[in-house]
Structures are given as C-alpha cells and as structure tokens.
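Some notes on the structure that comes next.
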Amino acid sequence: MTHPMKPRRRPTQSRAWMTSEAIQDAFVLLLLEKGYEAVSMRDIANVAGVALGTLYLYFPNKDSMAAVTVRRCVRRVGEALAQANPGQQARTVQQVTDAIAAAYAHCFLDRPQQWKALISLERRISSAESYEQLYRQHVAIVRDALVAASDWPAPSDADAMAFTVFTIVDGMVRHALLVHAQVPAEEALVREIRCVLDGYLQQAWAPARPASGAPGKN
C-alpha cells in the first residue's frame, strides 16, 4: 500500500523526471493562483499537460505532491548554500558567512511570493522527521563551509556554530517574508543578517575574533 504522503512512482529516466517536475511546477503555479484548498488534481493535470491517470501514477494525492515539491525546492536552497564553501579558494570565515547570508536570501527573495506559499505549506504538510532531516542537511552544508575557511579556529565546535549560523540566517529570511507587509530589499536584509552573524561570531570566538572584525588577528 502506498503511503499517502509518498509519490507512487520514483522517476528513474530523464523523461520521467521531466514529467514529475512539470507536474510539480504546475502545482506551484496553481498554488499561487488559487491557493492550496482550491487546487484539484485535475487542475494540476491540465496545467502540466498530462492525463489525470498519469498524474496519479506519480502522486497518490495532493498532499503527496505538495510534500515532494516542498522538498525539491528546499534541496535547491541547499545547493545554493553549498556555493558558499570556499573549496580551494582562500576565504575567511567572515567571507564565508557573508556568502551564506547572500545566497540564502537571494534564493528566497528571488521568488518571494512562491516561497511565502511554500513556507506556509511546509508547516502544514511536512512531518517533523522530514523537516528535521532537511534542516540538519543544511546545517551540515554550513558546517563544511565554515571549517573550510582559511582562518577557522580548529578547536571550535563546528556543529554548534553551524547550527547557530544557519538558524540565524534561516529565521531572519523566512520571517522577513512571512511577517513584513512588503518584501524587504535583498541588499538591506543581507546587511542585517551579516551584522547579526558578525556579532555572534565575535562573541563566540572572543580570543580568536576581536571586535575589529578580523578573525584570528590580535
């Protein structure tokens, strides 16, 4: 028996992936146009250009489709976060956290209305287990980026700091979308996030990161 929140078919070929993504894209368009309650499976099939029977081959119901769509979008945010990892480049921790703030804010503010709808939907349909899993994946991405920085203080608790850094960024971006009447300017929001992150890191590594803002210099 198929779990009501899981897709019936997991795409394994390029055409199947394209069909699944077309269905999810159609769902997002309708979500913004009509709201979740008013969207029907037939509506989604019509917009996606697939037969209703084909739609049910991929998703048993609307909640299943919503859960998969939210996860796909959130994973793409993780891919953007990963770009903050300096890799072979010589980036300081401050530069890394600046990049994390900019990448995360851009993902959400690039399509603010879509993300408003998806964030609200995520709270409704995502299980606690699924939410925690994705959250920890993003924290791990931030941790890897931090410890790859050129001036990362090795004795520091990378997991704890990554959790705090990501929680600051995630919370400020999401609530800026959900609470403000108008979508904030991306540059202004990133600047505010950077101020909070810089203050946190200065306090977290007081000996290694003096108030001058230059990590590791006394």
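Numbering (the UniProt record's numbering), first residue to last: 1 to 218. We put the beta carbon where it would ideally sit given N, CA and C, even for glycine. This one's a predicted model, so the numbers in the text were calculated from it and none came from an experiment.
Would residue i be called buried (16 or more neighbouring beta carbons within 10 Å of its own) or exposed?
i	result
residue 180	exposed
residue 126	buried
residue 203	exposed
residue 195	exposed
residue 65	buried
residue 201	buried
residue 94	buried
residue 155	exposed
residue 214	Low per-residue confidence applies at residue 214: pLDDT is 49, beneath 50, and the placement is therefore not dependable, though the value from the model is reported in the following sentence. Exposed, by the Cβ-count rule.
With DSSP as the reference, label residue i as helix, strand or coil.
i	result
residue 85	coil
residue 170	helix
residue 200	helix
residue 120	helix
residue 184	coil
residue 61	coil
residue 72	helix
residue 39	coil
residue 142	helix
residue 115	helix
residue 205	coil
residue 194	helix
residue 127	coil
residue 159	helix
residue 25	helix
residue 50	coil
Taking residue i as the reference, which of the options has the closest Cα?
i	options	result
residue 205	55, 151, 49	151
residue 184	83, 119, 72, 105	105
residue 63	45, 41, 76, 111	41
residue 39	61, 90, 149, 182	61
residue 90	112, 149, 47, 78	149
residue 110	72, 123, 18, 77	77
residue 19	73, 35, 59	59
residue 131	74, 112, 98, 86	74
residue 153	92, 36, 72	92
residue 85	140, 199, 167, 182	140
residue 37	57, 117, 112	117
residue 199	107, 98, 72	98
Indicate whether residue i and residue j have their beta-carbon atoms separated by less than 8 angstroms.
i	j	result
residue 160	residue 142	no
residue 83	residue 103	yes
residue 174	residue 100	no
residue 121	residue 70	yes
residue 96	residue 26	no
residue 22	residue 49	yes
residue 222	residue 147	Lying before the first or after the last residue shown, residue 222 is absent from the chain, which here runs from 1 to 218.
residue 177	residue 138	no
residue 55	residue 45	yes
residue 68	residue 114	no
residue 197	residue 165	yes
residue 172	residue 192	yes
For residue i, decide whether its Cβ has a neighbour in chain D, counting only Cβ atoms nearer than 8 angstroms.
i	result
residue 107	Absence of chain D from the displayed structure is noted, only one protein chain being present.
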